[in-house]
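A.B. asks: Got a structure for you, written out below as structure tokens; questions coming shortly.
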Amino acid sequence: MKTILAFLGLLLALPLTAQVGINILQPDSSAVLHLESTDRGFLPPRMSRQQRDNIQNPKPGLTVYNATDSLMEYFNGSCWLAFNQSSCDDCAFDFRIDNPAGHIDRVYTNRDSAYLYLNQRNGFSNDISVYIIPNLPAGITASLDQHIVNGTDTIQLNVEADIFAPPGVYSVIVQAVCGNTVGNQVFVVAVDSCMEVYINSPQSDYDLQAANALPTAVPICVLATIGPGVVLDNPTAPAVFTTGGLHPDSKVGILNQGTLLARGGDGGAGAGASGGGAGTGFDGTHAISLTVDTDLRNQGRIYSGGGGGGSVGMIQPINLGIGTYNLGIGAGGGGGAYGGAGGNLGSGFGYYEPGQTAGTGAFAQGGRGGALNNPYNFNLFGADFTITPNVYGGDGGGYGEDGQAGYLFVNVLVQVGAPVVGMITLYDQDFPDPPNTNFPVGGTAGFAVKRNGHSLLGSFIDGYYLSGAMKGYIGN
């Protein structure tokens, strides 16, 4: 009964005041309908887009809630507009995502993707611009395969996380803008963590898997950080740093802030042979040798071992008629940096100069090849001999450099004194005869990074490097 009386009172009040107040005794004088509430809202008619379009002869200003597109709309006399639109030419579009959640494990994959669907319903004279709002940490990147849509189209969103990216859950926000219309979609991607290894003290012959007892039966991802000032070398192993016996599907990241110094090759020793001959220099060793796909970031030094220098030597019998003299002469190659031993035959040649051993440390130079360039004078068989050598062993290579070839040229002069006529030349001959320009080569430098068929990610491509940060080859 009370409700009926209140309703009748409202009807009687309408002609008098032309105002309606709900939950308020004195409606605002400018309002026909004044609502007040602290725990409830105004709910307009809710309908689908199709139901809205079925309204017969809508009046300008008619307002509904479009449940299809989740927005309030009003009729302007010609078309239905959202509240942020002012004319029928304003852009309107549908924007959705096929899968709002992604996952990157960084072992089997370092990326995930989603598809974004755009359907432009109005304002085709305008393009829809699509952006990614930047909010991701270093190491995680998001990209779109296109940024402009007119009409209906599908856009692919790609998210990639490198091995150095911090693990966590990240929201990738994609925004579409056309005129006054803005739409957003969010792709939430979970990035798994990797095992982490810190190398904070000097190491020799470092094997990542063996040194840390990492699993070998299952693939893992590992981030190895070589700390600032830490020096790694390889007195015996073929490489300073190897990823070792990890499962072949594992992934490794190396952040080097220290110094990797690979041992150089030894110089050739100079085993003589009749008519000229010598030993070649030995190859330098590698700084890094990979057994799995690896991402490398270098903020320090990575130096491969230099090649040892080639040596030269010759044993030449000289028949003078008054006797036969066997000339043995040679020089050893210099060692490659660091620490390559100079070539040293030890004994067997009458004239021999060993090569120098290379220095150690980050600024080491290759050893110089042995050098013989001073004449030797002696008397044999009653004759005066003068041996004039121009004999040089090849220099050892610096870090990342090949060893050099040597050079050998010798003149043998034999003279005897005779009354009245003075000195008579019995023998004057250059060796090798004919001259030789093809001397044993030096050893090749090792690899700064030997990939062994595995992928190397990061900023380095295959090639030769000779800088303060990288010395040597990168490749297979």
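With mature numbering (1 follows the signal peptide of the UniProt record, and there is no 0) as the guide, the letters of the sequence shown map in order to residues -18 to -1, 1 to 458. For every residue, glycine included, the Cβ atom is placed at its ideal position computed from N, Cα and C.
1) Taking the Cβ atom as the reference point for each residue, do V373 and G348 lie within a distance shorter than 9 Å?
2) Could you check where the alpha helix (DSSP H) with Q191 kicks off and where it finishes?
3) Just to confirm the assignment, what range does the beta strand (DSSP E) spanning G298 have?
4) Sort out for me which residues DSSP pairs H268 with in a bridge.
5) Taking contact to mean at least 3 C-beta pairs separated by less than 8 Å, is the stretch 352 to 364 in contact with the stretch 215 to 227?
6) Can you say whether V151 is buried or exposed, counting buried as having 16 or more other CB atoms within 10 angstroms of its CB?
7) For the alpha helix (DSSP H) that contains R31, what are its first and last residues?
8) Taking 9 Å as the threshold (C-beta atoms), are G292 and G376 in contact?
9) For G364, count neighbouring C-beta atoms within 10 Å of its own C-beta (all shown protein chains included) and say buried if the count is 16 or more, exposed if not.
10) In the structure shown, what three-state DSSP assignment does S95 receive?
11) If I'm right that A344 touches T241 with Cβ under 8 Å, what's the distance once you round it to whole angstroms?
12) Alpha carbon to alpha carbon, how far is T45 from F146?
13) Report the rounded CA-to-CA distance for G257 versus N434, giving the unit in angstroms.
14) By how many angstroms is the C-alpha of Q67 removed from the C-alpha of I110?
15) From the DSSP output, in three-state form, read off V164 for me.
16) Taking 9 Å as the cut-off, decide whether the C-beta atoms of L272 and T198 are in contact.
17) Check whether the Cβ atoms of V112 and V170 lie closer than 9 Å to each other.
18) Hey, quick one: how far does the beta strand (DSSP E) through P371 stretch, first residue to last?
19) Let me know if Q32 comes out buried or exposed under the rule of 16 or more other beta-carbons within 10 Å of its beta-carbon.
20) Less than 8 Å between the CB atoms is what I'm expecting for F24 and G43, so what's the real figure, rounded?
21) Could you tell me whether the Cβ atoms of L327 and G263 are closer together than 9 Å?
22) Could you spell out where the beta strand (DSSP E) holding F146 opens and where it closes?
23) Reducing DSSP to helix, strand and coil, say where N81 ends up.
24) Tell me the DSSP secondary structure of V89 in three-state form.
25) Per the contact definition of three or more C-beta pairs closer than 8 Å, is the stretch 226 to 234 in contact with the stretch 306 to 323?
26) Give me the residue from F65, L205, Q411 with the minimum Cα distance to T276.
27) For F65, which of helix, strand or coil comes out of DSSP?
28) Report the CB separation of G287 from G266 in whole angstroms; it is logged as a contact under 8 Å.
29) Between A387 and P422, is the Cβ-Cβ spacing less than 9 Å?
30) Can you tell me whether R34 is buried or exposed, with buried defined as 16 or more other CB within 10 angstroms of its CB?
31) What does a CB cutoff of less than 7 Å around A(-1) pick up in its chain, not counting 5 residues either side in sequence?
32) Comparing C-alpha positions only, which one of D144, L53, Q128, L118 sits nearest to T91?
33) To the nearest angstrom, how far is it from the Cα of G165 to the Cα of C73?
34) Taking G86 as the reference, give the member of N39, V141, Y97, R283 with the closest Cα.
35) Quick one: what's got a C-beta closer than 6 Å to Q281's C-beta in the same chain, skipping five residues either side?
36) From I79 to A96, what distance separates their C-alpha atoms?
C.D. replies: Result, derived from the coordinates:
1) no
2) Counting along the chain, the unbroken alpha helix (DSSP H) around Q191 starts and ends at 190 to 194.
3) Residue identity differs from the one stated: residue 298 is Gln in this sequence, not Gly. From DSSP, the beta strand (DSSP E) with Q298 extends over 294 to 301.
4) A221
5) no
6) exposed
7) Counting along the chain, R31 sits inside the alpha helix (DSSP H) bounded by residues 31 to 35.
8) yes
9) exposed
10) strand
11) 6 Å
12) 53 Å
13) With a pLDDT of 39 at G257, under the threshold of 50, the modelled position of this residue cannot be trusted; read the value that follows with caution. Whole-angstrom Cα-Cα distance: 40 Å.
14) So the alpha carbons of these two residues sit roughly 15 Å apart.
15) Three-state DSSP puts V164 in a strand.
16) no
17) no
18) 365 to 374
19) exposed
20) Going by Cβ atoms, the distance from F24 to G43 rounds to 16 Å, so no, they are not a contact pair.
21) no
22) Segment: none, F146 is in no beta strand (DSSP E) and carries neither H nor E.
23) Residue state, collapsed to three classes: coil.
24) coil
25) Not touching, per the Cβ criterion.
26) The shortest C-alpha separation from T276 is found at L205.
27) F65 falls in the coil class under three-state DSSP.
28) 3 Å
29) yes
30) buried
31) V14
32) Taking only the C-alpha atoms, the option nearest T91 is D144.
33) 12 Å
34) Note that residue 86 is Ile in the sequence shown here, rather than Gly. Among N39, V141, Y97, R283, the Cα nearest to that of I86 is on V141.
35) Q239
36) If I take the Cα positions, the gap works out to 7 Å.
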